[in-house]
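The next block holds one structure in the form of structure tokens; read it before the comments.
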Amino acid sequence: MDDNLRAGTLQDVQDIKRLMQRSSRFTSLSAWSFTGAGVVALISALIGRYLFFLPYYRSYNTRGAFMAGDFAELKTQLLVLSFITLIMAAGVAALFTWRKARRQGQSLWEYSSRQAAWQFAIPMAAGAVFLLGMLRYDEWRFIAPGCLVFYGLSMVAASRFTLGAVRWLGFGMILLGLLNMFYIGYGLYFWTLGFGVLHIVFGLIIWFRYERNEKPVVAIAKDPL
Amino acid sequence: MNPIAGLNKLFDNRIRLGVMSILMVNEEVSFNDLKRMLEVTDGNLATHLVSLEENGYLKVHKGFIGRKTNTTYSVTRNGEKAFTDHIQALENMIKGIR
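Taken in sequence, the protein lines are chains A and X.
Numbered per the working numbering, the first sequence finishes at 461, counting up by one with no gaps.
Numbered per the working numbering, the second sequence finishes at 195, counting up by one with no gaps.
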């Protein structure tokens, strides 16, 4: 067969494949986004343990009695720390992904990333309102497992529009959250495992599998005319 | 057998092939998103979209976001069939090579 025709056919098939992939999935999600968010979570877990939890227990033990005021203060400290962590982790994740998208010439705000963001936002928003509602009735025990479960659900939902492997990270978070339901009071450990260790391990795995030998993406579908 | 039998003339062009590839895996895509994904100019994309539409491969939906027009495209039954036939023909060609 004609060599030109063969080359053209292969090129066509590769273009089709690439366009189908790139248009339906946001592929610029960086492995370092996960690792970075995980590191932020670990640091924050250490702060939570040594700055807030241990002093609380120390004063509890020296006094020998529960004090509602101390406990309320601990809850506020942890809540604020969680919010700061969430924002910092999201910022770090966004930064690495923004850098990768720029390198690949993909926009952060295109069809696939909008879909992914939207799918991610639905369980997250539902979860946020749900858990805030619980807090309103002073039901704080299920906040830690709840966050893990809703976050995991968000990842599973968004994975359809980005790196498919994200689904497994989501399953991991859900599993940890559900386990946490049966070990109420150990939330910090489960958060450290989930938001910290799981993110870092997942980031390293996808870096090794997909990004280590990454080739630069060439411009696609140039008009031959 | 003729090695290029079944290949669709309309998909000779990279942009038209690209538009169809994108629309096959996405329900509805706007003009601007197509433009970004294919890295082509407005005029160029518009001409190819018209020819695909005239052949009945595309459905055009004209809508508004606020005051700005927002035109989105989706693939028709005919378009879907034409594209799968074209892929089948490509596949046959590749098989013929081996």
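Every residue, glycine too, gets a C-beta built ideally from N, C-alpha and C.
Using the Cα positions of residue i and residue j, report the straight-line distance between them to the nearest angstrom.
| i | j | result |
| --- | --- | --- |
| MET324/A | LEU315/A | 14 Å |
| LEU107/X | ILE162/X | 32 Å |
| THR138/X | ALA186/X | 30 Å |
| ASN416/A | TYR446/A | 32 Å |
| ALA179/X | SER269/A | 41 Å |
| LYS192/X | THR245/A | 11 Å |
| SER266/A | ALA357/A | 19 Å |
| MET370/A | ILE379/A | 8 Å |
| THR166/X | HIS158/X | 10 Å |
| PHE332/A | GLU309/A | 35 Å |
| ILE252/A | SER280/A | 45 Å |
| ILE410/A | ALA329/A | 20 Å |
| LEU322/A | ILE119/X | 35 Å |
| LEU414/A | PRO381/A | 6 Å |
| ILE283/A | LEU255/A | 45 Å |
| PHE444/A | ARG285/A | 32 Å |
| GLY103/X | GLY400/A | 34 Å |
| LEU383/A | GLY430/A | Residue identity check: residue 383/A is Cys in the sequence provided, not Leu. Rounded to whole angstroms, CYS383/A to GLY430/A spans 10 Å at the Cα level. |
| GLU136/X | PHE262/A | 17 Å |
| ASP248/A | ASN123/X | 19 Å |
| ASN175/X | TRP427/A | 51 Å |
| GLY115/X | ASP109/X | 10 Å |
| ILE442/A | ALA361/A | 27 Å |
Spatial neighbours of residue i within its chain, please: CB distance less than 8 Å, with the 5 preceding and 5 following residues excluded, ordered by chain position.
| i | result |
| --- | --- |
| VAL433/A | GLY274 and LEU278 |
| GLU177/X | MET121 |
| ASN141/X | ILE112 |
| TYR296/A | PHE302, MET303 and ASP306 |
| ILE436/A | PHE270, THR271, GLY274, VAL275 and LEU278 |
| GLU212/X | The question about residue 212/X has no answer, for chain X in this structure spans 98 to 195. |
| ALA353/A | ALA394 |
| ARG338/A | none |
What does residue i reach in chain X if we use C-beta pairs closer than 7 Å?
| i | result |
| --- | --- |
| SER349/A | Those within 7 Å of SER349/A in chain X number zero; the least Cβ separation is about 11 Å. |
| THR245/A | LEU187, MET190 and ILE191 |
| VAL249/A | LEU187 |
Identify the contact partners of residue i in chain A, using a Cβ-Cβ distance below 9 Å as the criterion.
| i | result |
| --- | --- |
| ILE119/X | LEU255, MET256, ARG258, SER259, SER260 and TYR347 |
| LEU146/X | What LEU146/X touches in chain A: nothing, since even the nearest Cβ is about 14 Å away. |
| ARG174/X | Correct list: empty, because the minimum Cβ distance to chain A is about 19 Å. |
Specify the secondary structure class of residue i as computed by DSSP and reduced to three states.
| i | result |
| --- | --- |
| ILE279/A | helix |
| PHE262/A | strand |
| GLY160/X | strand |
| SER343/A | coil |
| VAL137/X | coil |
| TYR422/A | coil |
| THR168/X | strand |
| LEU104/X | coil |
| LEU367/A | helix |
| THR173/X | coil |
| LEU155/X | strand |
Taking Cβ-Cβ distances shorter than 7 Å, what residues in chain A pair up with residue i?
| i | result |
| --- | --- |
| ARG133/X | SER343 and GLU346 |
| ASP130/X | GLU346 and TYR347 |
Report all residues from its chain with a CB closer than 7 Å to the CB of residue i; omit the five preceding and five following residues, and keep chain order.
| i | result |
| --- | --- |
| GLN199/A | This structure cannot speak to residue 199/A, because chain A is shown only from 237 to 461. |
| ILE420/A | ARG377 |
| TRP462/A | The requested residue 462/A does not occur in the structure, where chain A is confined to residues 237 to 461. |
| LYS311/A | TRP376 |
| SER259/A | TYR347 and SER348 |
What residues of chain A sit near residue i, judged by a beta carbon separation below 8 Å?
| i | result |
| --- | --- |
| VAL126/X | SER259 and TYR347 |
| ASN123/X | SER259, SER260 and TYR347 |
Tell me, please, whether the CB atom of residue i is closer than 9 Å to any CB atom in chain B?
| i | result |
| --- | --- |
| PHE108/X | Absent here is chain B; the protein component of the structure consists of chains A and X. |
Excluding the five sequence neighbours on either side, which residues of its own chain have a C-beta within less than 6 Å of the C-beta of residue i, listed in chain order?
| i | result |
| --- | --- |
| MET391/A | VAL402, LEU405 and GLY406 |
| PHE128/X | THR168 |
| GLY363/A | PHE386 |
| GLN515/A | Absent from the structure is residue 515/A, since the part of chain A shown begins at 237 and ends at 461. |
Could you please tell me which residues of the segment 440-451 of chain A, in chain order, have their CB closer than 9 Å to any CB of chain X? none
For the segment 142-168 of chain X, list every residue whose C-beta sits within 7 Å of some C-beta in chain A, in sequence order. none
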